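Engineer: The structure is given below, and queries will be raised subsequently.
Numbering (the numbering used here), first residue to last: -15 to 285.
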């Protein structure tokens, strides 16, 4: 906690000084541009132009940062004043001010484009611990004051928007760096940025389940098996493929499977064998549904 306070004191003067509030107010007047996966695909596959992407992101990223900074300022004062939330805010202000430096730079200068990639990678790395740090801030707030149900609901609403904002910023940064960073060899050649045009859903289910199962075995020395059912309503009998970000789907499934396995093991510890975690994957004409079911018996009080 002491270290967090020191970091806040040292970061605050360097995060833009008197300019920062003006820049936040300026960019917060704009609304973030809605983008679909189709737009990402079209741009990345046929019209990929680094100068166009740079011109868009040097405005769009500050807009998204400024909008969430304004929402942070509307948090309850006791939550806003916690060391952890102040640290998160200082990160966002610092990132905003670094990106503002590119506002008047020429998009046809290769050095500028290279420096921009370095800058957004730095932003992404700086925000790496945003989620646990914000969570720590909420815990500090709850420990310091009595929680009001209405305020608690508003905080949860903010957190949902805050985390969605973070995901969108990382998505924009990842797309740009994966497509245009010549020094980045991490991306899958079949992907367009971080998007897989032919994402195998069942394979991802198996991968996420096995990862969660390994953790469960390490902690409980036991784990349930997977019972998988897939229904392709668009092409019967064919594998289920969608256009999606594999890492996003993997993360969601992994968290669901961890919860399902923990509940199953803890509430069936006296049974000779564990019931499987049942997963049903259904692809319809317009959407994909993944249902995770498990048996956890809670005693009736």
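The C-beta atom is built at its ideal place from N, Cα and C for all residues, glycine as well. Note that the coordinates shown come from a computational prediction; the quantities given were computed from them, not determined experimentally.
Any idea what DSSP makes of residue 85, helix, strand or coil?
Structural biologist: Coil at residue 85, not helix or strand.
Engineer: May I have the straight-line CA-CA distance separating residue 123 from residue 69, to the nearest angstrom?
Structural biologist: Answer to the nearest angstrom: the Cα atoms are 11 Å apart.
Engineer: Spell out the partners DSSP gives residue 216 in its beta bridges.
Structural biologist: 267.
Engineer: Does the contact criterion of 3 or more C-beta pairs under 8 Å hold for the region 179 to 186 versus the region 119 to 136?
Structural biologist: No, because fewer than three Cβ pairs between the region 179 to 186 and the region 119 to 136 fall closer than 8 Å, the two stretches do not touch.
Engineer: List the endpoints of the continuous alpha helix (DSSP H) containing residue 240.
Structural biologist: That run of the alpha helix (DSSP H) goes 230 to 251.
Engineer: What three-state label does DSSP hand residue 207 in the structure shown?
Structural biologist: Coil, per DSSP.
Engineer: Taking the alpha carbon of residue 272 as the point to measure from, which residue in 248, 226 and 208 has its own alpha carbon closest?
Structural biologist: Selected option, being the one with the closest Cα: 226.
Engineer: Helix, strand or coil for residue 46? Go by DSSP, reduced to three states.
Structural biologist: It is helical.
Engineer: Exposed or buried, what is residue 30 when buried is set at 16 or more other beta-carbons lying within 10 Å of its beta-carbon?
Structural biologist: The residue is exposed, with fewer than 16 neighbouring Cβ atoms inside 10 Å.
Engineer: Looking only at its own chain, which residues have a Cβ that is under 6 Å from the Cβ of residue 3, when we skip the five neighbours before and after it?
Structural biologist: Closer than 6 Å at the Cβ level, and outside the excluded window around residue 3, lies no residue.
Engineer: Could you give the uninterrupted runs of the alpha helix (DSSP H) lying entirely in the region 148 to 177, keeping only those of 4 residues or more?
Structural biologist: The qualifying runs do not exist here; there are none.
Engineer: Could you spell out the range, first to last residue, of the beta strand (DSSP E) harbouring residue 275?
Structural biologist: That run of the beta strand (DSSP E) goes 272 to 277.
Engineer: Starting from residue 181 and walking both ways along the beta strand (DSSP E), at which residues does that stretch end?
Structural biologist: First-last of the beta strand (DSSP E) with residue 181: 180 to 184.
Engineer: Mapping DSSP to helix, strand and coil, what is residue 55?
Structural biologist: Note: residue 55 maps to helix in three-state DSSP.
Engineer: Just tell me which of 14, 190, 279 and 63 has its CA closest to the CA of residue 119.
Structural biologist: That would be 63, whose Cα lies nearest to the Cα of residue 119.
Engineer: Considering only C-alpha positions, which residue in the set 93, 277 and 52 is nearest to residue 74?
Structural biologist: Among 93, 277 and 52, the Cα nearest to that of residue 74 is on 52.
Engineer: Answer yes if the region 185 to 201 comes into contact with the region 41 to 55, meaning at least three C-beta pairs across the two stretches below 8 Å, and no otherwise.
Structural biologist: No, they do not touch.
Engineer: Could you compute how far the alpha carbon of residue 233 sits from the alpha carbon of residue 156?
Structural biologist: If I take the Cα positions, the gap works out to 17 Å.
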